[in-house]
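*Asks:* Before anything else, here's the structure in question.
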Amino acid sequence: MYFKKKIGRFNLFNKTLLIPEMSRILTHLCAACLKSFGINAKALETCNEASLELGKEYTSGKECYPCQITMGDILYFLKKEKKKLKGNFDIEKYLYLMPETAGPCRFGMYNKYQHIVLNSFPEFAQLKIVSLSAGDAYSFDGMIEKKKVTAIRKASFIALVTADILDRLLMRIRPYENKTGAAEQFILKAQNILSKAFEKHAASGNFNFIFKKLEQIAENGKKLIDPSIPPKPLVGIVGEIYLRSHERSNQSLIKNLEKQGAEAVNASIAEWVNFTSYKELKNAEREVRLNLTSFKIKPIADSMKNVLKYGKIFFYQKYKQKRIYDRAIKFLNIAQDHNVKDLDKIIKEKKLFTLDIGTEACLSIPGALSYAEHGFNGVVNVYPFTCMPSIITSAIVKPLMSKMRMPYLDASYDSTYQPSRETAIRTFMYQVKRHFKKQGRG
Ligand code: SF4
Numbered sequence: 011m012y013f014k015k016k017i018g019r020f021n022l023f024n025k026t027l028l029i030p031e032m033s034r035i036l037t038h039l040c041a042a043c044l045k046s047f048g049i050n051a052k053a054l055e056t057c058n059e060a061s062l063e064l065g066k067e068y069t070s071g072k073e074c075y076p077c078q079i080t081m082g083d084i085l086y087f088l089k090k091e092k093k094k095l096k097g098n099f100d101i102e103k104y105l106y107l108m109p110e111t112a113g114p115c116r117f118g119m120y121n122k123y124q125h126i127v128l129n130s131f132p133e134f135a136q137l138k139i140v141s142l143s144a145g146d147a148y149s150f151d152g153m154i155e156k157k158k159v160t161a162i163r164k165a166s167f168i169a170l171v172t173a174d175i176l177d178r179l180l181m182r183i184r185p186y187e188n189k190t191g192a193a194e195q196f197i198l199k200a201q202n203i204l205s206k207a208f209e210k211h212a213a214s215g216n217f218n219f220i221f222k223k224l225e226q227i228a229e230n231g232k233k234l235i236d237p238s239i240p241p242k243p244l245v246g247i248v249g250e251i252y253l254r255s256h257e258r259s260n261q262s263l264i265k266n267l268e269k270q271g272a273e274a275v276n277a278s279i280a281e282w283v284n285f286t287s288y289k290e291l292k293n294a295e296r297e298v299r300l301n302l303t304s305f306k307i308k309p310i311a312d313s314m315k316n317v318l319k320y321g322k323i324f325f326y327q328k329y330k331q332k333r334i335y336d337r338a339i340k341f342l343n344i345a346q347d348h349n350v351k352d353l354d355k356i357i358k359e360k361k362l363f364t365l366d367i368g369t370e371a372c373l374s375i376p377g378a379l380s381y382a383e384h385g386f387n388g389v390v391n392v393y394p395f396t397c398m399p400s401i402i403t404s405a406i407v408k409p410l411m412s413k414m415r416m417p418y419l420d421a422s423y424d425s426t427y428q429p430s431r432e433t434a435i436r437t438f439m440y441q442v443k444r445h446f447k448k449q450g451r452g
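In the working numbering, the protein residues as written are 11 to 452.
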């Protein structure tokens with residue numbers, strides 16, 4: 011009962027929706043997109059020393075690392091805000107966004123745990139946590155006017171794909187940039203340009219304006235590439251979504267790989283959203299089959315409705331994603347996204363895992379194989395220390411990579427700094443470069 015009152019679907023009207031950072035670009039573009047629909051969304055500040063200390067203070071150390079970081083982010087913001095606004099601070103004016111997923115790992119528990127902590131501060135105890143769920147494809151149903159639900163879902167998905175593309179542009183340009191730091195500065199500017207564009211045009215559905223900006227960004231980004239720098243070995247990243255996307259928590263893994271001579275491709279965030287819709291579609295199809303055997307008309311009709319609903323969402327996502335990638339790829343050849351259907355086929359054909367178990371292992375296992383089979387020179391599995399799906403991924407993928415003679419690195423992180431990390435990355439990159447040479451490319 012306590013959790014039902016404090017965590018769930020609440021009306022977003024007239025509140026400030028606080029969004030913790032995962033991928034910096036994604037958080038800002040999504041906040042801009044929500045603002046366009048009249049929601050006062052605010053991207054929380056990037057995790058810093060003080061916020062991480064708070065996160066550590068209010069967790070036991072046994073929680074997953076992303077839970078610790080986001081715990082710190084929200085406490086840091088609220089304390090700072092209270093200090094700034096003094097007597098005008100009113101916790102009821104805020105909502106905090108912490109999505110969830112149903113089992114089998116701990117993500118479904120972050121918001122509950124975090125509310126228990128918030129509840130221990132009398133001044134923050136009334137904060138409500140908005141929880142979007144993977145189980146209904148992250149719908150805003152019940153939080154905004156009904157007529158806007160579909161439009162906001164579509165616009166948020168477009169913001170998410172655009173953020174993925176900006177990340178890919180950064181990783182495509184930075185290893186070949188003609189001036190140190192140029193790519194990062196350029197992408198930060200691009201993030202601001204696109205944030206403004208989403209804020210102005212997302213609700214009206216004028217996406218062509220946004221896509222034209224994206225095309226200009228890809229075209230101008232290409233000019234930062236020094237053509238005299240030869241191609242570098244390619245490293246594919248799989249693993250837990252938060253750690254892959256949050257630079258501070260993965261201790262700038264991608265930049266470190268680049269420093270050692272790699273070009274990296276990170277698994278996208280859209281991949282996970284596609285996966286949740288695909289999984290709901292598969293569940294609905296299975297329900298239809300089960301209901302058909304019992305000849306009950308109503309359950310058959312309901313499950314068929316779900317097949318149509320999730321089928322439409324999934325195919326819309328795939329269609330839209332391809333169209334947006336194509337707009338950028340016209341100017342700069344960034345890597346296309348994995349197709350979740352193809353990933354499902356890989357695990358089924360090779361009998362490696364099953365979608366029924368869920369979790370990111372469903373994507374990381376076939377994602378790693380797909381990199382290995384498509385000309386990459388190494389694979390990194392990045393995850394929070396003790397992350398269950400990533401440990402399963404490692405147990406399945408490591409022997410396969412060894413058989414394929416594909417360099418592979420498990421990179422687990424918590425708030426400590428491992429002195430051997432640098433050596434592990436250097437050794438991995440030595441193997442990656444040898445692999446690249448064997449392909450006759452180095
Ligand atoms: S995916 Fe890993 S880090 Fe995330 S909640 Fe599950 S166990 Fe924790």
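Heads up, the beta-carbon is just placed ideally off N, CA and C, and yes, glycines get one too.
(1) Determine the DSSP secondary structure at Ala53, reduced to helix, strand or coil.
(2) Once the 5 residues before and after Ala371 are set aside, which same chain residues still bring their CB inside 8 Å of it?
(3) With three or more C-beta pairs closer than 8 Å as the rule, is the region 193 to 213 touching the region 284 to 300?
(4) Would you say Ala378 and Val248 are within 8 Å of each other, going by their C-beta atoms?
(5) What is the DSSP secondary structure of Ser313, reduced to helix, strand or coil?
(6) Could you give the uninterrupted runs of the alpha helix (DSSP H) lying entirely in the region 168 to 246, keeping only those of 4 residues or more?
(7) Grab the span of the beta strand (DSSP E) containing Ser422 for me, first residue to last.
(8) May I have a chain-ordered list of the alpha helix (DSSP H) segments no shorter than 4 residues that lie completely inside the region 85 to 117?
(9) For Gly145, does the three-state DSSP call read helix, strand or coil?
(10) Using 8 Å for Cβ pairs, my map puts Met108 next to Ser141. What's the rounded Cβ distance?
(11) Around the C-beta of Arg182, are 16 or more other C-beta atoms found within 10 angstroms, so that it is buried, or is it exposed?
(12) Whose CA, out of Asn316, Thr26, Gln124 and Ile334, lies closest to the CA of Asp146?
(13) Run the proximity test for Phe341: is its beta-carbon closer than 7 Å to any non-hydrogen atom belonging to the ligand SF4?
(14) Using 10 angstroms around the beta-carbon of Tyr12, count the other beta-carbons present and answer buried if the total reaches 16, otherwise exposed.
(15) Below 7 Å CB to CB, which residues in the same chain sit around Ile375 once its five sequence neighbours on both sides are set aside?
(16) Quick check on DSSP: helix, strand or coil for Leu22?
(17) Rounding to the nearest angstrom, what Cα-Cα distance links Tyr104 and Lys94 in this structure?
(18) With DSSP run on the structure shown, which of helix, strand or coil describes Leu36?
(19) Determine the closest residue to Ile339 out of Cys74, Leu224 and Gly71, with distance taken between C-alpha atoms.
(20) Short check: CB of Gly71 to CB of Met81, under 8 Å?
(21) Terminal residues of the continuous alpha helix (DSSP H) containing Gly65?
(22) Just the C-alpha distance for Leu39 and Ser214, rounded to the nearest angstrom, thanks.
(23) Since Ser422 and Phe395 are thought to touch, with beta carbons under 8 Å apart, how far apart are those beta carbons, to the nearest angstrom?
(24) Just to confirm, are Ile310 and Leu302 a CB contact at a threshold of 8 Å?
(25) Mark Thr37 as exposed unless 16 or more other C-beta atoms lie within 10 angstroms of its C-beta, in which case mark it buried.
(26) Roughly how many angstroms separate the alpha carbons of Phe217 and Leu353, rounded to a whole number?
(27) Quick check on Ile367: buried or exposed, where buried means 16 or more other Cβ atoms within 10 Å of its Cβ?
(28) How should Thr56 be labelled, buried or exposed, when 16 other C-beta atoms within 10 angstroms of its C-beta is the threshold for buried?
(29) Determine, using beta carbons only, whether Ser33 comes closer than 8 Å to chain B.
(30) When DSSP labels each residue in this structure, what does Tyr427 get in the three-state scheme?
(31) In this structure, does DSSP put Asn284 in helix, strand or coil?
(32) Whose C-alpha, out of Ala42, Pro409, Phe386 and Gln428, is nearest the C-alpha of Lys486?
(33) DSSP on Pro399, reduced to helix/strand/coil?
(34) Can you have a look at Gln226 and say buried or exposed, based on whether 16 or more other CB atoms are within 10 angstroms of its CB?
(35) In whole angstroms, give me the CA-to-CA distance for Glu383 and Ala274.
(36) Name, in chain order, the residues that DSSP records as bridge partners for Gly321.
*Replies:* Let's see:
(1) Within the sequence shown, the letter at position 43 stands for residue 53. Residue state, collapsed to three classes: strand.
(2) As a position in the sequence shown, residue 371 is number 361, starting the count at 1. So the qualifying residues of the chain are Phe363, Pro399, Ser400, Ile402, Thr403 and Ile406.
(3) no
(4) Looking up residue 378 in the sequence shown gives position 368. Looking up residue 248 in the sequence shown gives position 238. Contact: yes.
(5) Residue numbering aside, residue 313 sits at position 303 when the sequence shown is read from its first letter. Correct three-state label for Ser313: helix.
(6) 192 to 211 and 217 to 232
(7) Taking the first residue of the sequence shown as 1, we reach residue 422 at position 412. Taken as a continuous stretch (DSSP letters only), the beta strand (DSSP E) holding Ser422 covers Tyr418 to Tyr423.
(8) none
(9) Here residue 145 is taken as the residue at index 135 of the sequence shown, counted from 1. Reduced to three states, the DSSP call for Gly145 is helix.
(10) As a first step, residue 108 must be located in the sequence shown, where it is residue number 98. As a first step, residue 141 must be located in the sequence shown, where it is residue number 131. Yes, Met108 and Ser141 are in contact; Cβ-Cβ is about 6 Å, under 8 Å.
(11) Indexing the sequence shown from 1 puts residue 182 at position 172. Buried: at least 16 other Cβ atoms inside 10 Å.
(12) Here residue 146 refers to the residue found at position 136 when the sequence shown is read from its first residue. It is Asn316 whose Cα lies nearest to the Cα of Asp146.
(13) The residue given as residue 341 occupies position 331 in the sequence shown. No, since every heavy atom of the ligand SF4 falls outside the 7 Å radius drawn around the Cβ of Phe341.
(14) For this step, residue 12 is matched to residue 2 along the sequence shown. It counts as exposed.
(15) Locating residue 375 in the sequence shown gives position 365, where the first residue counts as 1. Once the five neighbours on either side are set aside, the close Cβ partners of Ile375 are Ile357, Leu362, Phe363, Thr403, Ile406 and Val407.
(16) Taking the first residue of the sequence shown as position 1, residue 22 is located at position 12. Leu22: coil per DSSP, three-state reduction.
(17) Counting from one through the sequence shown, the residue named residue 104 turns up at place 94. Counting from one through the sequence shown, the residue named residue 94 turns up at place 84. Computed Cα separation, rounded: 15 Å.
(18) The residue labelled residue 36 in the question sits at position 26 within the sequence shown. Leu36 falls in the helix class under three-state DSSP.
(19) The residue given as residue 339 occupies position 329 in the sequence shown. Here the closest residue by C-alpha is Leu224.
(20) Taking the sequence shown and counting its residues from 1, one reaches residue 71 at position 61. Taking the sequence shown and counting its residues from 1, one reaches residue 81 at position 71. Contact: no.
(21) For this step, residue 65 is matched to residue 55 along the sequence shown. Per DSSP, Gly65 belongs to the alpha helix (DSSP H) from Glu59 to Glu67.
(22) The residue you call residue 39 lines up with position 29 of the sequence shown. The residue you call residue 214 lines up with position 204 of the sequence shown. Looking at the two C-alpha atoms, the distance is approximately 16 Å.
(23) The residue labelled residue 422 in the question sits at position 412 within the sequence shown. The residue labelled residue 395 in the question sits at position 385 within the sequence shown. Confirmed, about 5 Å.
(24) Indexing the sequence shown from 1 puts residue 310 at position 300. Indexing the sequence shown from 1 puts residue 302 at position 292. The answer is yes: Cβ separation under 8 Å.
(25) The residue you call residue 37 lines up with position 27 of the sequence shown. Classification of Thr37: buried, given that the 10 Å Cβ count is 16 or more.
(26) Walking along the sequence shown from the start, residue 217 turns up at place 207. Walking along the sequence shown from the start, residue 353 turns up at place 343. C-alpha separation (whole angstroms): 29 Å.
(27) For the purposes of this step, residue 367 is taken as residue 357 along the sequence shown, with counting starting at 1. Exposed.
(28) In the sequence shown, counting from the first residue as 1, residue 56 sits at position 46. By the neighbour-count rule (16 or more Cβ atoms within 10 Å), Thr56 is not buried but exposed.
(29) The structure shown contains no chain B; it is built from a single protein chain.
(30) If you number the sequence shown from 1, residue 427 lands on position 417. Tyr427: coil per DSSP, three-state reduction.
(31) Residue mapping note: residue 284 aligns to position 274 of the sequence shown, counting from 1. DSSP places Asn284 in helix when its eight states are reduced to three.
(32) With the chain covering only 11 through 452, there is no way to say anything about residue 486.
(33) Residue numbering aside, residue 399 sits at position 389 when the sequence shown is read from its first letter. Of the three classes helix, strand and coil, the one that applies to Pro399 here is helix, per DSSP.
(34) Residue numbering aside, residue 226 sits at position 216 when the sequence shown is read from its first letter. Exposed is the call here.
(35) The residue you call residue 383 lines up with position 373 of the sequence shown. The residue you call residue 274 lines up with position 264 of the sequence shown. The alpha-carbon atoms of Glu383 and Ala274 are separated by roughly 16 Å.
(36) Position 311 of the sequence shown, counted from the first residue, corresponds to residue 321. Gly321 pairs with nothing; no bridge assigned.
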